[in-house]
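In this note's numbering, the protein residues as written are 27 to 615. Each residue gets a CB set at the ideal place from its N, CA and C atoms; glycine is no exception. Please read all numbers here as calculations on a predicted model, not as lab measurements. Structure first, commentary second.
Put into structure tokens, the structure is as follows:
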């Protein structure tokens, strides 16, 4: 099997660890990645305080992680989010997941809190908790490079937090190899709350397969099809930044001016084409990936992997900043100091709108006009260190709007605390529904726009399309495989079975996805979420939509709630969005 068969639990409070055998029955039920992590969190910590020592960080691989399949870099982190209070999964590329598997573990659980700053050094031969005092207060880049000098090893990977995580910003990320992130939900702050600066993983254990010959044959065919796919060739050339031009010109949903607009007059300065020319982009990629959507930028003495679409949409057009160099400099600040660029960017645009509306009396000399890139960079640093005006905005838009008041809640662009990502939902009703009902409001739950679905897709099709889409992505995040692999379960199931020895079908994988949806829903309801939280910000019910199904109309809240209740009905949930006993029994919950 492509599992290692082992897990490790490290308790930072005691300094002790336990190694156990992976439960095969649990793997059959949840596969790995997101699903396995959710099941483990439910077992271990049904209602932990996000910053409490009993809130586990579960770094969990899938059966595809570290194998020869394309995009096998992907791995998952599961915890309870301090930003939303919800069950949370964050995913990362790079080399961390494959290194954890080479160290011999399907998953790593970290609980407790160290008395002093520490880092974990974990290999197939060593399990050490080491002093990190010399790295505490330092940025992710310095820490990554310093730890690699101390632990050259085989092919080590470092996951570390910056000052944002140390200062418990609810929008802090974890940096992996400098330019990759477990990005959303404040996972960096959970790590900081444990006085855990970093994790270094390395190893030499080979990955084994149930039927290696069949796996390699199927994977060879899949790899050939992926690298020759026309959409992949386009993505390789343009990167995720292809969506700047497409969102502006084709679909009219580019987030602009804190979601007031769906098109940005200065968009040409932040397109993929401009970045390739101005930032001297070179194509690069994660472990075992021929898609190579990532771009290494070198300009004016700076280096960065990026910027990506989401970063650019929210630190760029969202703030009406039109120079890709300015976006890239803000990106470096976030990557090094440890902020999620999505939540940070939307929080900056929220702050700019508050400034524009005069909602705070004293901005301490910070002139946050739209498009003021130096002021944006200064605000980001103040947010990281929770200094001055930055303290108001350091925990995202929901907390900031609660402090500011004065109607700012209407344009604080979040659902249940999570800043909405992907597109401006004034141009995409389908994504609005997905953001409202997903376990948290992110394009990583589902990217589904009516503009891409074709003329046969109708407004009444939205609830079922969202349901099926969420369940499918759930299971892909168990395997774990990148969203950019342009093939479905019909191609992936035979490879999964060859790797693991299971006998899954596309239908059984969809059932697993539904099981995860219901588990997450029950967890979140237990921990404070209500059906009334399945909503989008007031802005979208008061301002005209500009494209998609609602083009030229103002979205009715009653109509929107009707779509949500149709989604509930399809799930078999009651009017309060609660899974019934019958549904829980159906999915073995």
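Residue j beta carbon less than 8 Å from that of residue i
i, j, result
"residue 133", "residue 87", "yes"
"residue 123", "residue 91", "yes"
"residue 561", "residue 441", "yes"
"residue 370", "residue 197", "yes"
"residue 573", "residue 279", "yes"
"residue 603", "residue 594", "yes"
"residue 403", "residue 356", "yes"
"residue 139", "residue 28", "no"
"residue 322", "residue 310", "yes"
"residue 450", "residue 282", "yes"
"residue 462", "residue 472", "no"
"residue 314", "residue 99", "yes"
"residue 127", "residue 233", "yes"
"residue 466", "residue 101", "no"
"residue 135", "residue 84", "yes"
"residue 510", "residue 302", "no"
"residue 211", "residue 116", "yes"
"residue 415", "residue 390", "yes"
Backbone CA spacing between residue i and residue j [nearest angstrom]
i, j, result
"residue 340", "residue 151", "43 Å"
"residue 75", "residue 129", "30 Å"
"residue 383", "residue 452", "21 Å"
"residue 159", "residue 221", "10 Å"
"residue 265", "residue 496", "24 Å"
"residue 187", "residue 77", "15 Å"
"residue 259", "residue 555", "42 Å"
"residue 590", "residue 486", "11 Å"
"residue 498", "residue 520", "16 Å"
"residue 55", "residue 47", "16 Å"
"residue 484", "residue 331", "39 Å"
"residue 168", "residue 405", "22 Å"
"residue 580", "residue 564", "11 Å"
"residue 474", "residue 538", "20 Å"
"residue 334", "residue 164", "24 Å"
"residue 248", "residue 270", "29 Å"
Closest by C-alpha distance to residue i, when choosing among the options
i, options, result
"residue 205", "606, 588, 565 and 366", "366"
"residue 228", "592, 511, 153 and 521", "153"
"residue 118", "414, 209, 241 and 606", "209"
"residue 549", "167, 331, 260 and 107", "107"
"residue 67", "586, 577, 607 and 542", "542"
"residue 39", "388, 380, 430 and 82", "82"
"residue 456", "344, 571 and 533", "571"
"residue 12", "567, 326 and 143", "Since the displayed the chain opens at 27 and closes at 615, residue 12 lies outside it and no answer follows."
"residue 144", "445, 116 and 173", "173"
"residue 326", "257, 508 and 351", "351"
"residue 171", "194, 202 and 417", "202"
"residue 535", "53, 37 and 49", "53"
"residue 103", "448, 559, 345 and 225", "225"
"residue 293", "417, 606 and 345", "345"
"residue 417", "377, 393 and 446", "377"
"residue 162", "251, 137, 175 and 190", "190"
"residue 336", "398, 393, 316 and 267", "267"
"residue 606", "547, 569 and 588", "547"
"residue 576", "112, 443, 476 and 501", "476"
"residue 480", "379, 517, 277 and 285", "277"
"residue 216", "398, 113 and 342", "113"
"residue 557", "578, 289 and 588", "588"
"residue 513", "240, 252, 95 and 394", "252"
"residue 291", "397, 354, 95 and 491", "397"
Supposed contact pair residue j and residue i - C-beta distance, whole angstroms, cut 8 Å
i, j, result
"residue 526", "residue 236", "6 Å"
"residue 423", "residue 372", "6 Å"
"residue 552", "residue 72", "7 Å"
"residue 407", "residue 359", "7 Å"
"residue 57", "residue 89", "7 Å"
"residue 504", "residue 61", "4 Å"
"residue 147", "residue 177", "6 Å"
"residue 131", "residue 32", "5 Å"
"residue 411", "residue 544", "No, residue 411 and residue 544 are not in contact; Cβ-Cβ is about 41 Å, not under 8 Å."
"residue 401", "residue 349", "At roughly 14 Å, the Cβ-Cβ gap does not stay under 8 Å, so residue 401 and residue 349 are not in contact."
Cross-strand partners of residue i (DSSP beta bridge)
i, result
"residue 118", "101"
"residue 147", "154 and 226"
"residue 641", "Any property of residue 641 remains undetermined from this structure, which presents the chain solely from 27 to 615."
"residue 320", "310"
"residue 85", "103 and 134"
"residue 404", "Note: residue 404 sits in no beta bridge, so no partner."
"residue 184", "226"
"residue 202", "185 and 206"
"residue 113", "106"
Any non-hydrogen atom of the ligand MG closer than 7 Å to residue i Cβ
i, result
"residue 219", "As presented, the structure is devoid of all ligands, the ligand MG included, so that no description of it is given."
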